[in-house]
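Undergrad: Position 237 (the sequence shown) corresponds to 237 in my numbering; numbering is contiguous.
Glycine residues also receive a C-beta, built at the ideal position from the N, C-alpha and C atoms.
For clarity, every value in this text was computed on a predicted model and none was experimentally measured.
This is the structure, below, for whatever I ask next.
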Amino acid sequence: MTVLGITVKRSRIGNPWSSLIWKPTGPIFVGGLPHHYATKQIAGPIYNFTGCIEVTEINNLGPYTFPNAVDKNNIDNCRFSATAKNAAALLDPSPDSLKAVLTSTVLPALFSVCQESLCRNGGSCHQINLPDGMASFRCDCALHFTGRFCEKDTTLFFPSFSGNSYLELPSLSSLSEDRFASGKERNKVTIYLTVKTTALNGTLLYARDEFAEEHFLHLYLVNGKPTARFGCGPSPNILIVSANHSINWDALVPITLSYMLSSGNPEGYCLIEMAANETSSVHQRTSLPAQRTQVSFGPIFLGNVPSHRTNIHPNSGKIYGFRGCIRELQVNTQELSIIEEALEGQNIDNCNVPVCDYHPCRNGGTCISDTENWFCECPPRYAGKLCQLSNCEQNPCGNGATCFPKSNQDVVCLCPYGRTGILCNDVMNITYPSFSGTDAFGYTSFLAYSAIPNISLCYEFRLKFQLANHNSSLQDNLLFFTGQKGQGLTGDDFLVLGLRNGSLVYSYNLGSGIAIITSEPLDLTRRVHTVRLGRFLRSGWIKVDSQKNKTITSPGKLTGLNVFSQFYVGGYIEYIPEFLPKGSSFKNGFQGCIFDLRVHAGKDQEFKAPGIPEGHPNTGRNVGQCEVSPCQLITCRNGGTCIESGSALYCHCSSDWTGAFCTEKISVCDPEHKPHHRCKRGSTCVPVPDGYSCHCALGTTGTHCEQALTISDASFSNRKSSWMSFEPFNIRHKVHIQMQFQTFSGNGILFYTAQHLSSRSGDFLSITLANGYIQLRYSLGDRTVVLQTFQPVHSTNKTWLLIKAGRVGNEGYLDLDGINVTQKATNGMTSLDTQTDFYVGGLPSLNLVNPRAIKNVPTGFTGCIREVFVNGKELKLTEKGAKSGSNIGDCDGTPCGYRVCKNNGKCKVIESDFSCLCPKQWMGKTCEQSIYCSHSKCLHGSVCIPNPVLFSYTCACKLGWTGLWCEKQLSFLIAKFTGNSYIKYIDTNYEERDLRFTRISFNFTTSQMDGLLVWLGKAEDEDNDFLGVGFENGMLKVVVNLGERIAIPLIHQRKMCCKKWHFVDIVQNWTLIEVYLDEELVLSEDLDPQKKYTVLNYGGICYFGGFGLDRRVSDVTSGLFKQQLIGKIKDVALFQDSKKINLTKGQGYNIYSGDKE
1 MTVLGITVKR SRIGNPWSSL IWKPTGPIFV GGLPHHYATK QIAGPIYNFT GCIEVTEINN
61 LGPYTFPNAV DKNNIDNCRF SATAKNAAAL LDPSPDSLKA VLTSTVLPAL FSVCQESLCR
121 NGGSCHQINL PDGMASFRCD CALHFTGRFC EKDTTLFFPS FSGNSYLELP SLSSLSEDRF
181 ASGKERNKVT IYLTVKTTAL NGTLLYARDE FAEEHFLHLY LVNGKPTARF GCGPSPNILI
241 VSANHSINWD ALVPITLSYM LSSGNPEGYC LIEMAANETS SVHQRTSLPA QRTQVSFGPI
301 FLGNVPSHRT NIHPNSGKIY GFRGCIRELQ VNTQELSIIE EALEGQNIDN CNVPVCDYHP
361 CRNGGTCISD TENWFCECPP RYAGKLCQLS NCEQNPCGNG ATCFPKSNQD VVCLCPYGRT
421 GILCNDVMNI TYPSFSGTDA FGYTSFLAYS AIPNISLCYE FRLKFQLANH NSSLQDNLLF
481 FTGQKGQGLT GDDFLVLGLR NGSLVYSYNL GSGIAIITSE PLDLTRRVHT VRLGRFLRSG
541 WIKVDSQKNK TITSPGKLTG LNVFSQFYVG GYIEYIPEFL PKGSSFKNGF QGCIFDLRVH
601 AGKDQEFKAP GIPEGHPNTG RNVGQCEVSP CQLITCRNGG TCIESGSALY CHCSSDWTGA
661 FCTEKISVCD PEHKPHHRCK RGSTCVPVPD GYSCHCALGT TGTHCEQALT ISDASFSNRK
721 SSWMSFEPFN IRHKVHIQMQ FQTFSGNGIL FYTAQHLSSR SGDFLSITLA NGYIQLRYSL
781 GDRTVVLQTF QPVHSTNKTW LLIKAGRVGN EGYLDLDGIN VTQKATNGMT SLDTQTDFYV
841 GGLPSLNLVN PRAIKNVPTG FTGCIREVFV NGKELKLTEK GAKSGSNIGD CDGTPCGYRV
901 CKNNGKCKVI ESDFSCLCPK QWMGKTCEQS IYCSHSKCLH GSVCIPNPVL FSYTCACKLG
961 WTGLWCEKQL SFLIAKFTGN SYIKYIDTNY EERDLRFTRI SFNFTTSQMD GLLVWLGKAE
1021 DEDNDFLGVG FENGMLKVVV NLGERIAIPL IHQRKMCCKK WHFVDIVQNW TLIEVYLDEE
1081 LVLSEDLDPQ KKYTVLNYGG ICYFGGFGLD RRVSDVTSGL FKQQLIGKIK DVALFQDSKK
1141 INLTKGQGYN IYSGDKE
């Protein structure tokens, strides 16, 4: 070892060929050791290093920089910067030279792009240098997280690789055991995968022997051609093959790769073979010495090979990050689910499958999608995955039947298997099931059996069926189906049999293409039809009645049928073509009888009925007994007609009658009823046993909602279904709620908002009473957080209670009268995405509440609420302040309320009106006016600000005016800000601007350490785009948000001082931000090298110095800047405008002229 030119040597005698010398090391740690590693590796105490280290070279490679490290903790840029002089001194190892360097002036550190906690959910930040010399960062995200900051939790099903991605799967050797391989090729392994690429080069698959390091397998693209290298042993035993086909961009292409290492006597051989896109295969073979070791490959790496996970063989070829998608992966006959098998991964996203582009939602539903997960937001009275089903608010049907509203009052019960009758209360013995297809309500009759085992490689089915008619039964009808969950994707495995245009259609997909056999048209003179069908590996066949046998071979190389669903007969549980895999859908369920259904699969040669136990379905709906009519069991009254659908039946009633047997008159609230109900317009008529009740709109009361009502302290009643709603605003990153209430019940909803009004609401936040305790519940998309107060609330005493509740990220808190409960921050989702109104006291329909948002059955609040604040904004609980509501009363029935009289005034009831007794310093109807401002001399739109200490007031002058009373007109070139000043400037040329290239420049001076200079943006909520400039601790600070919702602060680490004028020029070029201070480039950052968001949508609004007299800078900027400006600004220019903007043309207050100072 040599230190400062002094060399020390030590050695010991040993075996130079010891295996220890050639064994690869583990990671190299610099500066310290992780605790868990140190405790296992080193005896005795260990102390981590404090100081600066630069690793310049290891074995002629280097230098090594910490942004490229595999892992690190608490590392920052060194504040010691080697100038040319210092660098020369470092080359001189003399102690005097070193001392000179160490005692020289320490220069400030460069800005560290990778700041603490910038990458979320276990992501690691890496500083990157762009081709233009600028610095940026990249977050490498753990598996199942994506986004610029790894902030998005993503369900993966079709992995996409970005060039900086990889997946690690289990050992290739553990996956390559072939049950059907035998004989001399018992060591041959075949790998099949389908890929879609967007680049000509990249590693698709890599594996290396766990024991014999000379063995490796590398499949990669070279100029678009699939190429494989197989290491059979020491060089030159390395085989290389390239396919005869170049892969087309953005299209799925199958690749088949086989390798074999035979260890026969007297000699063995090594073989590799490959084919792409069904072209002829290419292979290479070489002889090997006898008794070579078996190949025992370790983990499979897809897309790339992380340097910290395995050593790459020097002869395996260049490792490039793959760009594209890998869908199928099969090893011999074992087809793998890539994501489920993955042990580890980085930067994996989904290949986009925009389900909502197909507009699947019905009945006015709105499709919501986040790549894989999608659902329809349904309008009232509709439900189901596609809003294709109407729903029942009250379900009288028994035994798990499906309820469907035939009208506003009547329902139809669609009976489960083995039940019949109006309410499905009667038992039906089914020996020959009868199916009715899809009924008038959009439901299909079906039976669902347990998944049939062992049908992956071979099976045979036998069945008989009888058609209900020779018309609709033959058009497009499903007989049976089993398969993967449908997403409309090519490649989903399935098996299906149906009727189409009078012929039987048998179809299956093993993952690499659809095989379809269509029989000859059925002989309709036959009463009963017989079907036999089967498959062995890729070959399928079908025989119908006395027709000839028909066969087919499925495309591709995959041989296994991987299905997970139940075995459906006659229909599907919610028969929707969009639910079934592409190529398997039929538009209707079967109409007729199916019997003698038998199957044998795998090695079991005995035919058996499906189900566990045999012949018993798990569930079913609307299945009757063949040739038995349930309508024989009931009589419809008053001219009604019995309608049957499988086992379900109902009475179609004549006019003026309703009910299950047409025995009930039309409801008093129905428009058809005579006389019409008397509920006033805007209210809602609700039938009750002795007539009807009117649910009143906000601001009305009375039996028929005929009286006007002034609401001061809102009163709610669960019995009356009370609720209020308010226009929502952004609470995505944080929410703080304050409420005052008194309750008369131990249960009820106080506050609720969600992503969607549905039991499948997505994100939500609720404050509820549950068994006398207050609960805060919220879900950000990954789990439900529940906080509950320690102390109960009592509904018997009329005490006003104060609760404070909220969250910042995923850290929540709940405070009742000063006693606090908190939920500490954890890894996971941090944003609350809500779109519904803010609901107080209840909802229009309680079945729209997410069940996870409440502890018990959803219940409206009963009691009074007099104050609600959300993020400092008051929700005014009055008839004019709320957006909507129903059956809201006033707590004490008087005009006096908690907030009626301002500034601690006391309210007094005077007949039907009120009067406020104001404190000495206030006056007016509601004590809203200061006595000091009652005779204010403030002019020209200025604002009077009372000063009780001096028993006087001051005038906040509108922009363009000055003087004691704002009586003097003001013009200036230099704007002076005093800490309670601001200018809001509207850019009249905003619509013509190219927002990809924003620029602002100005001069400023200040004597303060903190303050806001300029803010380009609407500043309405935290998700608005913005560009902010200010200073913090005396250092220039720039923050930019182009749409990522996470601002990246750029801070120049050199303090400004001495009231000097400084010139700032900030340039946005797409995502590149450059900051010049006094003509010197001091900050440069590419916010997003992927260019996802590239424009600054600032709305044409520019704020200078602050945001308003009553808006705190720290609140509006979410703490990015602390206070308003005390200082001066001049020479403001936007974009490439030749003229500087005239700040006197804006809006603002308390701006003075700094021209003469």
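Run the CB neighbour count on Y220, radius 10 Å, all protein chains shown included, and call it buried at 16 or more, exposed below.
TA: As a position in the sequence shown, residue 220 is number 220, starting the count at 1. Its Cβ being crowded by 16 or more others within 10 Å, Y220 is buried.
Undergrad: Residues bridged to L1077 by DSSP?
TA: By one-based count along the sequence shown, residue 1077 stands at place 1077. Answer is V1064 and E1080, bridged to L1077.
Undergrad: Using 10 angstroms around the beta-carbon of A609, count the other beta-carbons present and answer buried if the total reaches 16, otherwise exposed.
TA: Your numbering for residue 609 matches position 609 in the sequence shown. Exposed, because fewer than 16 other Cβ atoms sit within 10 Å of the Cβ of A609.
Undergrad: Tell me where the alpha helix (DSSP H) around D1115 begins and ends.
TA: As a first step, residue 1115 must be located in the sequence shown, where it is residue number 1115. V1113 to V1116 is the span of the alpha helix (DSSP H), which, as asked, contains D1115.
Undergrad: With which residues is R621 paired in a DSSP beta bridge?
TA: The sequence position of residue 621 within the sequence shown is 621, counting from 1. Answer is P416 and F446, bridged to R621.
Undergrad: Please name the residue in T878, V1064, E664 and R621 whose C-alpha comes closest to that of E1080.
TA: Indexing the sequence shown from 1 puts residue 1080 at position 1080. E1080 has its Cα closest to that of V1064, out of T878, V1064, E664 and R621.
Undergrad: Ignore the nearest five residues each way along the sequence and tell me which others in L102's own chain have a CB closer than 8 Å to its CB.
TA: Residue mapping note: residue 102 aligns to position 102 of the sequence shown, counting from 1. Reliability of the predicted coordinates at L102 is poor, the pLDDT of 35 falling under 50, and the value obtained from them is presented with this limitation in mind. For L102, where only same-chain residues beyond five positions count, there are no Cβ hits under 8 Å.
Undergrad: With DSSP collapsed to three states, give me the class of A84.
TA: On the sequence shown, position 84 is the one that residue 84 refers to. A caution first: A84 carries a pLDDT of 36, below 50, which makes its placement in the model too unreliable to give a value.
Undergrad: With DSSP as the reference, label M1 as helix, strand or coil.
TA: Here residue 1 is taken as the residue at index 1 of the sequence shown, counted from 1. If DSSP states are grouped into helix, strand and coil, M1 belongs with coil.
Undergrad: Kindly indicate which three-state DSSP category N1069 falls into: helix, strand or coil?
TA: The residue you call residue 1069 lines up with position 1069 of the sequence shown. Strand at N1069.
Undergrad: Closest to S436 by CA distance: which of G624, G62, L1109 and R866 is it?
TA: Translated into the one-based positions of the sequence shown, residue 436 becomes position 436. Closest option to S436, Cα to Cα, is G624.
Undergrad: Report all residues from its chain with a CB closer than 8 Å to the CB of G31; omit the five preceding and five following residues, and keep chain order.
TA: Here the question's residue 31 lines up with position 31 in the sequence shown. So the qualifying residues of the chain are N48, F49, I53 and I75.
Undergrad: DSSP puts A601 in a beta bridge; with which residues?
TA: Numbered from 1 along the sequence shown, position 601 holds the residue referred to as residue 601. Answer by DSSP bridge pairing, in chain order: Y459.
Undergrad: Ordered along the chain, which non-local residues of its own chain (more than five positions away) have a Cβ less than 6 Å from that of V785?
TA: Taking the sequence shown and counting its residues from 1, the one referred to as residue 785 is at position 785. Excluding positions up to five away in sequence, the list reads Y778, G812 and Q823.
Undergrad: Could you tell me how far apart the beta carbons of I986 and A975 are, in whole angstroms, since I believe they sit closer than 8 Å?
TA: For the purposes of this step, residue 986 is taken as residue 986 along the sequence shown, with counting starting at 1. For the purposes of this step, residue 975 is taken as residue 975 along the sequence shown, with counting starting at 1. That belief does not hold up - the Cβ atoms of I986 and A975 are roughly 16 Å apart, past 8 Å.
Undergrad: Given that a residue counts as buried once 16 or more other Cβ atoms are within 10 Å of its Cβ, and exposed if not, what is W800?
TA: Taking the first residue of the sequence shown as position 1, residue 800 is located at position 800. Its Cβ having fewer than 16 others within 10 Å, W800 is exposed.
Undergrad: If we count the other Cβ atoms within 10 Å of its Cβ and call it buried at 16 or more, is N121 buried or exposed?
TA: Mapped onto the sequence shown, residue 121 falls at position 121. When all chains shown are included, N121 counts as buried.
Undergrad: Tell me Q742's beta-bridge partners as DSSP assigns them.
TA: The count along the sequence shown starts at 1 and reaches residue 742 at position 742. Q742 pairs with C864.
Undergrad: Any heavy atom of the ligand NAD closer than 6 Å to the beta-carbon of T525?
TA: The ligand NAD is not part of the structure shown, which contains no ligands of any sort.
Undergrad: With distance defined between alpha-carbon atoms, name the residue in T796, Q1124 and G1100 nearest to L1109.
TA: What you label residue 1109 is simply residue 1109 of the sequence shown in a count that begins at 1. Of T796, Q1124 and G1100, the residue nearest in Cα terms is Q1124.
Undergrad: The beta strand (DSSP E) spanning E811 covers which residue range?
TA: As a working note, residue 811 is residue 811 in the sequence shown. Looking at the DSSP string, the run of the beta strand (DSSP E) that includes E811 is E811 to L816.
Undergrad: Out of G303, T530 and G699, point me to the one whose CA is closest to T878's CA.
TA: Start at 1 with the first residue of the sequence shown, and residue 878 comes out as number 878. Answer by Cα proximity: G699.
Undergrad: For the beta strand (DSSP E) that E1032 lies in, which residues bound it at each end?
TA: Indexing the sequence shown from 1 puts residue 1032 at position 1032. Its beta strand (DSSP E) spans residues F1026 to E1032.
Undergrad: Which of helix, strand or coil does DSSP assign to T197?
TA: Residue 197 sits at position 197 when you count from the first residue of the sequence shown. DSSP places T197 in strand when its eight states are reduced to three.
Undergrad: DSSP puts Y166 in a beta bridge; with which residues?
TA: The sequence position of residue 166 within the sequence shown is 166, counting from 1. The partner list for Y166 (beta bridge, DSSP) reads Q346.
Undergrad: Report buried or exposed for T203, applying the criterion of at least 16 other Cβ atoms within 10 angstroms of its Cβ.
TA: On the sequence shown, residue 203 is found 203 positions in, with the first residue counted as 1. Buried, because 16 or more other Cβ atoms sit within 10 Å of the Cβ of T203.
Undergrad: Quick one: what's got a C-beta closer than 7 Å to I339's C-beta in the same chain, skipping five residues either side?
TA: As a first step, residue 339 must be located in the sequence shown, where it is residue number 339. Excluding sequence neighbours, I339 sits near L156, F157 and P159.
Undergrad: For C631, name the three-state secondary structure that DSSP assigns.
TA: Within the sequence shown, the letter at position 631 stands for residue 631. If DSSP states are grouped into helix, strand and coil, C631 belongs with the helices.
Undergrad: Is F790 near I819, with beta carbons less than 7 Å apart?
TA: Here residue 790 corresponds to residue number 790 of the sequence shown, with the count starting at 1. Here residue 819 corresponds to residue number 819 of the sequence shown, with the count starting at 1. Yes. Within cutoff.
Undergrad: From K85 to F137, what distance separates their C-alpha atoms?
TA: Sequence index remark: in the sequence shown, residue 85 carries index 85 (1-based). Sequence index remark: in the sequence shown, residue 137 carries index 137 (1-based). With a pLDDT of only 39 at K85, under 50, the local geometry of the prediction cannot be trusted, and the value read off the model is given with reservation. Each residue's Cα considered, the two are about 31 Å apart.
Undergrad: Which of the three DSSP states is assigned to S712 in this structure?
TA: As a first step, residue 712 is located in the sequence shown; it is residue number 712 there, counting from the start. S712: coil per DSSP, three-state reduction.
Undergrad: Let's see if you can read the secondary structure: which residues bound the beta strand (DSSP E) around E1157?
TA: Taking the sequence shown and counting its residues from 1, one reaches residue 1157 at position 1157. No beta strand (DSSP E) holds E1157; DSSP gives it neither H nor E.
Undergrad: Tell whether a beta-carbon distance below 7 Å holds between G502 and L522.
TA: Residue numbering aside, residue 502 sits at position 502 when the sequence shown is read from its first letter. Residue numbering aside, residue 522 sits at position 522 when the sequence shown is read from its first letter. The answer is yes: Cβ separation under 7 Å.
Undergrad: Taking buried to mean at least 16 other C-beta atoms within 10 Å of its own C-beta, is S473 buried or exposed?
TA: Within the sequence shown, the letter at position 473 stands for residue 473. S473 should be labelled buried.
Undergrad: Can you tell me whether DSSP reads E991 as helix, strand or coil?
TA: As a working note, residue 991 is residue 991 in the sequence shown. Looking at E991 - three-state DSSP - the assignment turns out to be helix.
Undergrad: Q294 to L261, Cα distance in whole Å?
TA: Within the sequence shown, numbered from 1, the residue matching residue 294 stands at position 294. Within the sequence shown, numbered from 1, the residue matching residue 261 stands at position 261. Each residue's alpha carbon lies about 7 Å from the other.
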